[in-house]
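S.K.: Its first residue numbered 2, the sequence shown is counted upward by one per residue in the UniProt record's numbering.
All C-beta atoms in this analysis are idealised placements derived from N, C-alpha and C, irrespective of residue type, glycine included.
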Amino acid sequence: VAQQRSKISVIGTGYLGATHAACMAELGFEVLGLDVDTVKIDSLSSGRVPFYEPGLEEVLSRNLANGRLRFTTDYREVAEFADVHFICVGTPQRADSNAADLTYVNAAIDALAPLLDRPAVVIGKSTVPVGTAAVAAARIADLAPAGAQVELGWSPEFLREGFGVEDTLRPNRIVIGAAPGSQRVEAAMREVSRQQIEQGIPFLVTDLQTAELVKVSANAFLATKISFINAMAEVSEVAGADVIKLAKALSYDDRIGGKFLGPGLGFGGGCLPKDIRAFMARADELGVEPALSFLREVDAINQRRRARTIDIARGLIGGSFAGRTVAVLGAAFKPNSDDIRDSPALDVASTISSLGAAVTVYDPEALENARRAHPDLGYAHSMLEAVRDAEVVLLLTEWAEFRDADPDELAKMVRERKIVDGRNALDPEHWRARGWTYRALGRP
Ligand code: UGA
């Protein structure tokens with residue numbers, strides 16, 4: 002006889018929650034996903050993922066069909082159904098400051114906790130400023146009818162967009178923070194992670210604060226690594242060095258490693274930029290602002306890459322964008338995503354447009370999102386259409402389609418064979434041999 006397994010709820014069905022809910026069902030659990038957004042819930046209930054995430058739709062459909070996965074907008078249903086509740090709501094940057102906006106985390110806890118009238122575990126997964134979980138735990142203790150039989154833990158999520166399913170089923174580590182004296186949190190998390198633990202995936206139990214910090218410090222480290230190599234690109238540009246060869250040589254030292262050492266236009270997206278800003282804001286509140294002041298530089302280096310890319314393109318077309326025709330390849334903040342939040346590509350495209358150029362953008366997946374956010378830009382439905390009559394082409398998101406582009410085919414469409422490779426995605430020798438003026442960041 003199979004042991005009674007915990008039933009799981011996932012509150013918030015954005016990138017993180019929708020992926021988490023589908024993957025938990027895939028691991029064999031009965032899962033109920035909740036969102037206050039009926040459009041999202043209708044879409045997920047009918048097997049459609051409302052964003053681009055390779056492989057997720059199959060996992061979603063399979064588990065809707067086998068009955069392990071359902072969605073609702075009703076907190077009462079969730080409270081009755083589940084023993085373990087995952088909080089996966091967004092924590093965007095506040096409109097009025099760099100701090101994280103905790104509105105959705107607080108709203109989820111305020112809606113759920115008063116309905117918890119039997120033993121349950123609430124596990125936060127959202128990225129939050131250190132100290133948030135302890136406050137949330139106190140709030141739950143106040144509100145939950147079952148009192149101390151409801152416990153809060155925090156288990157940060159490290160999934161990358163584009164690899165969400167893989168990263169959720171096989172994370173490189175599982176971290177769970179619990180309050181001192183906690184009885185249920187670790188056991189609940191061990192149960193829902195049993196298969197991963199059996200595969201040898203490291204399982205770390207910490208206090209709440211450490212768990213919260215693991216997440217933001219991991220993203221801060223990754224952002225720092227990218228900005229480090231981009232700073233070396235800045236130096237290389239004036240010193241006449243080649244940052245690609247430099248990065249390669251550095252990468253053989255396994256204390257440094259080659260991952261996230263890719264120089265180019267820098268980082269964007271819904272996580273790295275806002276997380277380092279919220280981390281600095283929190284350090285400020287805690288009175289340790291100097292400890293993270295280097296992240297201000299990390300952010301500044303990242304922004305300067307965008308300006309540099311624009312300068313290189315402007316230089317190639319004679320010093321002004323006014324009245325010129327520019328093609329931009331890429332709109333998503335990275336390949337294999339339709340996410341345009343803080344997208345370096347769209348930031349560059351809209352700046353060039355505001356400087357007077359006619360800009361046409363193409364992206365394999367993010368066109369609709371881009372058009373909604375930047376209706377002022379021109380859009381094309383293929384790479385070749387985008388580069389028609391272009392006086393300069395900018396490659397700003399390194400989709401495979403662009404990496405594999407044939408310089409001769411593009412040459413037939415453009416007015417001038419000039420390309421700025423903002424992601425160091427192309428082979429300079431190859432493009433130059435086909436008659437292109439090729440420019441990249443950090444290379445001669
Ligand atoms: C990032 C982290 O990698 C995840 O571990 C984390 O869970 C997630 O944030 C989050 O906090 O939710 P993600 O935003 O999906 O994941 O994207 P990344 O793959 O980290 O890329 C971030 C940005 O860095 C992209 O704009 C990418 O183009 C840029 N990047 C990455 C570089 O410029 N150079 C590199 O070498 C690597």
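When you compare only the Cα positions, how much space is there between R306 and G259?
M.R.: Counting from 1 along the sequence shown, the entry for residue 306 is found at position 305. Counting from 1 along the sequence shown, the entry for residue 259 is found at position 258. Cα to Cα, the separation comes out at about 20 Å.
S.K.: Can you list the beta strand (DSSP E) stretches of 3 or more residues lying completely in the region 55-96, in chain order?
M.R.: For the region 55-96, whole beta strand (DSSP E) runs of length 3 or above, ordered along the chain, are 70-73 and 85-88.
S.K.: Within the region 350-394, note down every full alpha helix (DSSP H) run reaching 4 residues or more, in order along the chain.
M.R.: Taking only runs of at least 4 residues, the alpha helix (DSSP H) segments lying wholly in the region 350-394 are 368-374 and 384-387.
S.K.: So, are the CB atoms of E392 and V327 less than 9 Å apart?
M.R.: The sequence position of residue 392 within the sequence shown is 391, counting from 1. The sequence position of residue 327 within the sequence shown is 326, counting from 1. A contact, by the Cβ cut-off of 9 Å.
S.K.: Would R440 pass as a contact of A412 if the rule is Cβ separation under 9 Å?
M.R.: Here the question's residue 440 lines up with position 439 in the sequence shown. Here the question's residue 412 lines up with position 411 in the sequence shown. No. Outside cutoff.
S.K.: Report all residues from its chain with a CB closer than 7 Å to the CB of N99; omit the five preceding and five following residues, and keep chain order.
M.R.: On the sequence shown, position 98 is the one that residue 99 refers to. The answer, listed in chain order, is R278, A279, M281 and A282.
S.K.: Return helix, strand or coil for Y105, following the three-state DSSP convention.
M.R.: In the sequence shown, counting from the first residue as 1, residue 105 sits at position 104. Helix.
S.K.: Taking 8 Å as the line, does the beta carbon of N67 fall inside it for any heavy atom of the ligand UGA?
M.R.: Start at 1 with the first residue of the sequence shown, and residue 67 comes out as number 66. Checking every heavy atom of the ligand UGA against the Cβ of N67, none is found closer than 8 Å.
S.K.: Label A332 either buried or exposed according to how many other C-beta atoms from any shown protein chain fall within 10 Å of its C-beta, with 16 as the threshold for buried.
M.R.: Residue numbering aside, residue 332 sits at position 331 when the sequence shown is read from its first letter. The residue is buried, with at least 16 neighbouring Cβ atoms inside 10 Å.
S.K.: Just the Cα atoms here: how many angstroms apart are K41 and E54?
M.R.: As a working mapping, residue 41 is identified with position 40 in the sequence shown. As a working mapping, residue 54 is identified with position 53 in the sequence shown. Rounded to whole angstroms, K41 to E54 spans 15 Å at the Cα level.
S.K.: Any idea if R444 is buried or exposed, counting beta-carbon neighbours within 10 angstroms, 16 or more meaning buried?
M.R.: Sequence index remark: in the sequence shown, residue 444 carries index 443 (1-based). So R444 counts as buried.
S.K.: Hey, R297 and E235: beta-carbon distance below 9 Å or not?
M.R.: Position 296 of the sequence shown, counted from the first residue, corresponds to residue 297. Position 234 of the sequence shown, counted from the first residue, corresponds to residue 235. Their beta carbons are not under 9 Å apart, which means R297 does not touch E235 by this criterion.
S.K.: Between Y76 and L116, which are expected to be in contact by the criterion C-beta below 8 Å, what is the C-beta distance as a whole number of angstroms?
M.R.: Position 75 of the sequence shown, counted from the first residue, corresponds to residue 76. Position 115 of the sequence shown, counted from the first residue, corresponds to residue 116. At roughly 6 Å, the Cβ-Cβ gap stays under 8 Å, so Y76 and L116 are in contact.
S.K.: So, under 8 Å CB-CB, V90 and I12 are touching, yes? Tell me the CB distance rounded to an integer number of Å.
M.R.: Translated into the one-based positions of the sequence shown, residue 90 becomes position 89. Translated into the one-based positions of the sequence shown, residue 12 becomes position 11. So it is a contact: roughly 6 Å between Cβ atoms.
S.K.: Identify every run of the beta strand (DSSP E) within the region 243-293, keeping only runs that are complete inside it and at least 3 residues long; order them along the chain.
M.R.: Taking only runs of at least 3 residues, no beta strand (DSSP E) segment lies wholly in the region 243-293.
S.K.: C24: beta carbon under 8 Å from a heavy atom of the ligand UGA?
M.R.: Stepping through the sequence shown from its first residue, residue 24 is reached at position 23. No, Cβ of C24 sits at least 8 Å from all heavy atoms of the ligand UGA.
S.K.: Can you find a heavy atom of the ligand UGA that lies under 8 Å from the Cβ of A220?
M.R.: Numbered from its first residue, the sequence shown carries residue 220 at position 219. According to the sequence shown, residue 220 is Asn rather than Ala. Result yes, Cβ under 8 Å from the ligand UGA.
S.K.: Could you give the distance in angstroms between the alpha-carbon of V421 and the alpha-carbon of A346?
M.R.: Within the sequence shown, the letter at position 420 stands for residue 421. Within the sequence shown, the letter at position 345 stands for residue 346. Taking the straight line joining both Cα atoms gives about 12 Å.
S.K.: CA-CA distance, V122 and T14?
M.R.: Taking the sequence shown and counting its residues from 1, the one referred to as residue 122 is at position 121. Taking the sequence shown and counting its residues from 1, the one referred to as residue 14 is at position 13. About 19 Å.
S.K.: Near V2, what residues of its chain come up, given a Cβ to Cβ distance below 6 Å and the 5 sequence neighbours on each side ignored?
M.R.: One-based indexing of the sequence shown puts residue 2 at position 1. Interpretation of V2 is limited by its pLDDT of 44, a score under 50 that renders its predicted location unreliable; the figure taken from the coordinates is listed afterwards. Here the set comprises nothing.
S.K.: Which residues in the same chain as L368 place their Cβ atom closer than 8 Å to its Cβ, once the five residues preceding and following it in sequence are excluded?
M.R.: Position 367 of the sequence shown, counted from the start, is the residue given in the question as residue 368. Excluding sequence neighbours, L368 sits near A332, V362, Y380 and H382.
S.K.: What whole-angstrom Cβ distance do P264 and A248 have, given they're in contact under 8 Å?
M.R.: Taking the first residue of the sequence shown as position 1, residue 264 is located at position 263. Taking the first residue of the sequence shown as position 1, residue 248 is located at position 247. Indeed they touch by this definition, with Cβ atoms about 6 Å apart.
S.K.: Measure the C-alpha to C-alpha separation of A112 and E152 and round it to an integer number of angstroms.
M.R.: Numbered from 1 along the sequence shown, position 111 holds the residue referred to as residue 112. Numbered from 1 along the sequence shown, position 151 holds the residue referred to as residue 152. Near 16 Å, if we compare the C-alpha coordinates of E152 and A112.
S.K.: Report the rounded CA-to-CA distance for I341 versus E162, giving the unit in angstroms.
M.R.: For the purposes of this step, residue 341 is taken as residue 340 along the sequence shown, with counting starting at 1. For the purposes of this step, residue 162 is taken as residue 161 along the sequence shown, with counting starting at 1. When rounded, the distance between both Cα atoms is 12 Å.
S.K.: Tell me the residue span of the beta strand (DSSP E) that contains A121.
M.R.: In the sequence shown, residue 121 corresponds to position 120, counting from 1. Where A121 is concerned, the enclosing beta strand (DSSP E) stretches over A121 to G125.
S.K.: Do F334 and I353 have their C-beta atoms closer together than 9 Å?
M.R.: Taking the first residue of the sequence shown as position 1, residue 334 is located at position 333. Taking the first residue of the sequence shown as position 1, residue 353 is located at position 352. Going by C-beta atoms, F334 is not nearer than 9 Å to I353.
S.K.: Can at least three beta-carbon pairs, one atom from the region 205-214 and one from the region 163-176, be found at a separation below 8 Å?
M.R.: At 8 Å Cβ cutoff, the stretches touch.
S.K.: Would you say residue 1 and V106 are within 9 Å of each other, going by their C-beta atoms?
M.R.: In the structure displayed, the chain extends from 2 to 445; residue 1 sits before or after that span and is not available.
S.K.: Quick one: Cα of L57 to Cα of G165, how far?
M.R.: Here the question's residue 57 lines up with position 56 in the sequence shown. Here the question's residue 165 lines up with position 164 in the sequence shown. Using only the alpha carbons, I get a separation of about 8 Å.
S.K.: So what does D422 bridge to, in DSSP terms?
M.R.: What you label residue 422 is simply residue 421 of the sequence shown in a count that begins at 1. According to DSSP, which records beta bridges pairwise, D422 is partnered with L396 and A441.
S.K.: Among T92, A114 and L65, whose alpha-carbon lies nearest the alpha-carbon of H86?
M.R.: Residue mapping note: residue 86 aligns to position 85 of the sequence shown, counting from 1. Ranking the options by Cα distance to H86, first place goes to A114.
S.K.: Any heavy atom of the ligand UGA closer than 8 Å to the CB of D97?
M.R.: Numbered from its first residue, the sequence shown carries residue 97 at position 96. Flag unset: Cβ of D97 not near the ligand UGA.
S.K.: Check each candidate in A22, N303 and T133 and name the one with the smallest Cα separation from T169.
M.R.: Here residue 169 corresponds to residue number 168 of the sequence shown, with the count starting at 1. The residue with the shortest Cα to Cα distance from T169 is A22.
S.K.: In terms of DSSP beta bridges, what is S10 paired with?
M.R.: For the purposes of this step, residue 10 is identified with residue 9 of the sequence shown, where counting begins at 1. Per DSSP, L33 and H86.
S.K.: Quick check: what's the CA-CA separation for A284 versus T133?
M.R.: Residue numbering aside, residue 284 sits at position 283 when the sequence shown is read from its first letter. Residue numbering aside, residue 133 sits at position 132 when the sequence shown is read from its first letter. Distance between the alpha carbons of A284 and T133: 13 Å.
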